[in-house]
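Chemist:
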Amino acid sequence: MINKLLAVAFVALAVTASGCGSSSSSSSSAPPASSGGAADCSPSSLHTLTSGKLTIGTDNPAYSPYYTGGPGHDWSGKYNNDPYTGKGFEAAVAYAVAEKMGFTKDQVTWAVTHFDQSFAPGPKNFDFYLAQVSIRPKRAENVDFSLPYYRANQAVVALKGTPITSATTLADLKKYKLGTQVGTTSYDFITGTIQPSQQPSAFNTTNDAIHALQAGQIDGIVVDLPTAFYMTAVQIPKSTVVGQFPTSPGGDQWGLVMTKDSPLKACVDKAVSALTADGTLAKLQKTWLSDKVSTPVLQ
Amino acid sequence: MLPASAGNVWVALGSTVVVFAGLALIIVNSPGWPKVKHTFFDPAEFRTYFATIGHAFVLNIKIFLVAEVLILILALVLAVMRSLPGAVFFPIRVLAIGYTDLFRGIPTILLVYLFGFGIPTLQLSHVTVNPVYLGAAALVVVYTAYVSEVYRAGIESVHPSQEAAARSLGLTRGQTMQTVILPQAVRRVIPPLLNDFIGLQKDTALISVLGPVEALQRATLGASSEFNYTPYVVAAFFFVLITVPQARLTDWLIARDRKRQMAGGQV
Numbered sequence: 200m201i202n203k204l205l206a207v208a209f210v211a212l213a214v215t216a217s218g219c220g221s222s223s224s225s226s227s228s229a230p231p232a233s234s235g236g237a238a239d240c241s242p243s244s245l246h247t248l249t250s251g252k253l254t255i256g257t258d259n260p261a262y263s264p265y266y267t268g269g270p271g272h273d274w275s276g277k278y279n280n281d282p283y284t285g286k287g288f289e290a291a292v293a294y295a296v297a298e299k300m301g302f303t304k305d306q307v308t309w310a311v312t313h314f315d316q317s318f319a320p321g322p323k324n325f326d327f328y329l330a331q332v333s334i335r336p337k338r339a340e341n342v343d344f345s346l347p348y349y350r351a352n353q354a355v356v357a358l359k360g361t362p363i364t365s366a367t368t369l370a371d372l373k374k375y376k377l378g379t380q381v382g383t384t385s386y387d388f389i390t391g392t393i394q395p396s397q398q399p400s401a402f403n404t405t406n407d408a409i410h411a412l413q414a415g416q417i418d419g420i421v422v423d424l425p426t427a428f429y430m431t432a433v434q435i436p437k438s439t440v441v442g443q444f445p446t447s448p449g450g451d452q453w454g455l456v457m458t459k460d461s462p463l464k465a466c467v468d469k470a471v472s473a474l475t476a477d478g479t480l481a482k483l484q485k486t487w488l489s490d491k492v493s494t495p496v497l498q
Numbered sequence: 328m329l330p331a332s333a334g335n336v337w338v339a340l341g342s343t344v345v346v347f348a349g350l351a352l353i354i355v356n357s358p359g360w361p362k363v364k365h366t367f368f369d370p371a372e373f374r375t376y377f378a379t380i381g382h383a384f385v386l387n388i389k390i391f392l393v394a395e396v397l398i399l400i401l402a403l404v405l406a407v408m409r410s411l412p413g414a415v416f417f418p419i420r421v422l423a424i425g426y427t428d429l430f431r432g433i434p435t436i437l438l439v440y441l442f443g444f445g446i447p448t449l450q451l452s453h454v455t456v457n458p459v460y461l462g463a464a465a466l467v468v469v470y471t472a473y474v475s476e477v478y479r480a481g482i483e484s485v486h487p488s489q490e491a492a493a494r495s496l497g498l499t500r501g502q503t504m505q506t507v508i509l510p511q512a513v514r515r516v517i518p519p520l521l522n523d524f525i526g527l528q529k530d531t532a533l534i535s536v537l538g539p540v541e542a543l544q545r546a547t548l549g550a551s552s553e554f555n556y557t558p559y560v561v562a563a564f565f566f567v568l569i570t571v572p573q574a575r576l577t578d579w580l581i582a583r584d585r586k587r588q589m590a591g592g593q594v
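Protein chains in written order, with this note's numbering: chain A, 200 to 498; chain B, 328 to 594.
Shown next, in the form of structure tokens:
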């Protein structure tokens with residue numbers, strides 16, 4: 200944190216010392232020329248990070264079912280997945296968007312971007328970022344979001360046979376110790392909607408939350424439903440999805456993250472809406488994500 | 328510390344104003360400043376998160392208050408163990424040295440993970456799985472190693488003639504340690520001791536990796552929910568708030584000690 204502040208201060212100093220060279224890229228002026236409907240979205244004319252290439256950021260580790268290609272490139276480790284394979288829901292969405300924008304598979308590069316970095320001020324190491332990031336008005340003050348590519352429900356995962364699994368309503372969950380991952384919207388959901396009597400826990404990674412569940416430190420993990428399915432199927436033996444929550448008003452919609460006032464936004468949005476219209480997104484959802492209808496809804 | 332004459336005060340004041348105003352001007356006039364100001368120093372965000380993070384900070388305070396008491400006791404025991412003379416006590420010395428080497432060397436965060444997730448996985452009965460206790464235990468283990476070294480430095484700084492004199496008066500080895508050596512040693516090491524405790528207070532934030540929502544984790548939650556870093560600055564504010572009085576206390580103790588020693592020299 201202090202380091203980050205210092206780094207920002209030094210960068211600021213350096214920029215000032217070098218004669219305010221890059222004022223156009225960092226000032227919050229209107230997006231160049233792309234505000235109209237008829238934006239030129241051919242790869243050669245797009246102002247991407249590396250011209251002629253599309254750099255896509257995602258978190259590391261990259262979890263199933265959003266990335267399912269198995270370890271590779273920088274994404275190593277047991278539950279980690281290489282996005283270059285294009286396997287998994289978000290990897291597939293990313294390549295579909297890239298293709299719609301006119302990039303070939305070879306022109307796509309993936310960048311490891313921690314969630315915190317995705318919204319840090321200053322230059323980004325990606326053209327767009329996708330890692331289950333929910334679109335929220337407050338967040339949109341600091342980054343640009345594309346149109347949503349998925350709507351996710353929250354769900355509770357617990358170990359089979361524990362008391363929490365008999366919960367059938369939101370009120371039933373109040374007395375349990377719940378946990379979630381930092382950086383998701385689940386924590387606000389727990390404190391705001393479930394309002395449990397015990398202070399919920401917040402973990403830095405999903406793996407840590409799983410450890411805590413298995414060690415009996417928490418009774419349930421609140422995650423998005425597709426992740427919940429993956430956890431119960433692969434990551435946590437003898438676990439079950441207790442239930443999903445009704446979609447909140449406005450919905451927990453996921454968008455691609457871009458730098459604030461990104462010149463790419465118009466073209467990315469165009470690609471996403473085309474993929475929605477032609478049914479590609481629905482098809483990818485069907486291919487990579489489990490069916491949410493069969494899970495009981497906790498009201 | 329401060330210049331004595333009135334002229335010097337003005338010089339100090341002038342140079343301070345020039346340096347700080349210069350720095351402020353450079354930062355405020357940099358092209359990225361509006362963005363930085365918005366993401367790190369948003370007054371509205373600060374107000375929103377002040378109470379929430381302050382409330383979460385109570386957990387940090389509880390942890391370090393309990394941990395500090397335990398560390399003071401355990402580290403003293405360890406330091407005395409290491410200072411035991413003679414061949415008979417060799418295994419105890421080895422144990423004490425091994426403990427210090429091991430736990431000063433392991434990164435604190437790793438030990439917090441090991442205690443917090445490892446111990447519950449052993450599924451021992453009668454052992455807590457509460458991550459706050461386990462994380463605090465890891466901090467106690469690490470800081471005991473640091474603080475025992477501080478104590479040891481204090482014990483070794485007491486001149487051997489003190490011990491010789493005490494023994495010649497008929498005090499046993501234990502009595503000598505208790506009534507002659509330790510009182511002098513502890514007084515000398517209070518400033519570095521407080522220094523270690525400031526480190527400990529900040530390291531209470533490490534317990535957040537186990538899930539408890541203390542000040543830093545609350546700030547992380549706020550930052551990631553709004554994509555704004557101001558909550559981190561709020562957390563930093565609270566940590567500084569409790570550190571500064573201690574730092575001044577340490578300065579004062581050092582100054583008092585110096586005065587005492589100089590007074591002794593003039594006798």
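Just so it is clear, CB atoms sit at the ideal spot from N, CA and C, and this is done for glycine as well.
1) Starting from Phe344/A, trace the beta strand (DSSP E) both ways and give me its first and last residue.
2) With 16 other CB atoms within 10 Å as the buried threshold, where does Lys362/B fall?
3) Per DSSP, what kind of secondary structure is Val440/A in: helix, strand or coil?
4) Which residues mark the beginning and the end of the beta strand (DSSP E) in which Ser400/A is found?
5) Since Ser365/A meets chain B, which of its residues come closer than 9 angstroms, beta carbon to beta carbon?
6) Can a CB atom of chain A be found closer than 8 angstroms to the CB of Val548/B?
7) Could you check which residue in Arg420/B, Ala465/B, Arg409/B has the C-alpha nearest to that of Pro434/B?
8) To the nearest angstrom, how far is the alpha carbon of Thr404/A from that of Val381/A?
9) How many whole angstroms separate the CB atoms of Val459/B and Leu438/B, which I take to be in contact at a CB cut-off of 8 angstroms?
10) Alpha carbons only, please: which of Leu521/B, Asn555/B, Thr557/B, Asp530/B is nearest the one belonging to Val571/B?
11) Classify Val407/B as buried or exposed, calling it buried when 16 or more other Cβ atoms lie within 10 Å of its own Cβ.
12) Based on the DSSP secondary-structure assignment, which residues constitute the bridge partners of Asp423/A?
13) Give, in chain order, every residue of the segment 388-407 of chain A whose Cβ lies closer than 8 angstroms to some Cβ of chain B.
14) Note down, in chain order, every chain B residue with its Cβ under 9 angstroms from the Cβ of Ile409/A.
15) Name, going along the chain, the residues of the segment 361-377 of chain B whose beta-carbon falls closer than 8 angstroms to a beta-carbon of chain A.
16) In chain order, what residues of the same chain lie with their CB nearer than 6 angstroms to the CB of Ile517/B, ignoring the 5 residues before and after it?
17) Using a Cβ-Cβ distance cut-off of 8 angstroms, determine whether Asp273/A contacts chain B.
18) May I have a chain-ordered list of the beta strand (DSSP E) segments no shorter than 3 residues that lie completely inside the segment 358-398 of chain B?
19) Please identify the residue among Gln511/B, Ala351/B, Ala463/B, Gly549/B whose C-alpha is closest to the C-alpha of Leu386/B.
20) Which residues in chain A sit within 7 angstroms of Glu553/B, going by Cβ to Cβ distance?
21) In chain order, what residues of the same chain lie with their CB nearer than 6 angstroms to the CB of Thr446/A, ignoring the 5 residues before and after it?
22) Secondary structure at Tyr375/A, three-state DSSP: helix, strand or coil?
23) For the segment 431-444 of chain A against the segment 399-417 of chain A, do three or more pairs of beta-carbon atoms, one drawn from each stretch, fall closer than 8 angstroms, so that the two count as touching?
24) Taking a Cβ distance cut-off of 9 angstroms, strictly less, list which residues of the segment 309-329 of chain A are near chain B, in chain order.
25) Please give the ranges of any beta strand (DSSP E) in the segment 529-563 of chain B, keeping only runs that are unbroken, at least 3 residues long and fully inside the region.
26) Does the beta carbon of Gln528/B come closer than 8 angstroms to any beta carbon on chain A?
27) Skipping 5 residues on each side, what residues in its chain have a beta carbon closer than 8 angstroms to that of Gly424/B?
28) What residue range is occupied by the uninterrupted alpha helix (DSSP H) comprising Ile487/A?
29) So Glu395/B packs on Asn555/B, CB below 8 angstroms; how close in whole Å?
30) Give me the Cα-Cα distance between Val404/B and Tyr478/B, rounded to the nearest whole angstrom.
31) According to DSSP, is Gly310/A helix, strand or coil?
32) Measuring only the C-alpha atoms, how far is Pro539/B from Ser400/A?
33) Under 8 angstroms, do Val467/A and Val307/A count as touching if we go by C-beta distance?
34) Is the beta carbon of Phe314/A closer than 8 angstroms to that of Asp258/A?
35) Please list the residues of the segment 435-466 of chain B that have a C-beta atom closer than 7 angstroms to any C-beta atom in chain A, keeping them in chain order.
36) Between Val385/B and chain A, is the shortest Cβ-Cβ distance under 8 angstroms, so that the two count as touching?
Modeler: Taking the definition as stated:
1) 342-344
2) buried
3) strand
4) 400-402
5) Ordered by position in chain B, no residue passes the 9 angstroms Cβ test against Ser365/A, which lies about 22 angstroms from the chain.
6) The question names Val, yet the displayed sequence has Leu at residue 548/B. Chain A contact via Cβ: present.
7) Ala465/B
8) 7 angstroms
9) Val459/B to Leu438/B, Cβ: 15 angstroms. No contact.
10) Leu521/B
11) buried
12) Gln353/A
13) Gln398, Pro399, Ser400, Ala401, Phe402, Asn403, Asp407
14) Going along chain B, no residue has its Cβ under 9 angstroms from Ile409/A, so there is no contact; the nearest lies around 10 angstroms.
15) Pro361, Lys362, Val363, His365, Thr366, Phe367
16) Leu580
17) no
18) none
19) Ala463/B
20) Lys337, Arg338
21) Asn352
22) coil
23) yes
24) Phe314, Asp315, Ser317, Phe318, Ala319, Pro320, Gly321
25) none
26) no
27) Sequence check: residue 424/B is Ile here, not Gly. The residues are Arg409.
28) Note on identity: in this sequence residue 487/A is Trp, with Ile being the wrong assignment. 479-487 is the span of the alpha helix (DSSP H), which, as asked, contains Trp487/A.
29) Not a contact, Cβ separation roughly 33 angstroms.
30) 10 angstroms
31) Looking at the sequence shown, residue 310/A is not Gly but Ala. Of the three classes helix, strand and coil, the one that applies to Ala310/A here is strand, per DSSP.
32) 5 angstroms
33) no
34) yes
35) Phe444, Pro447, Thr448, Val456, Pro458
36) no
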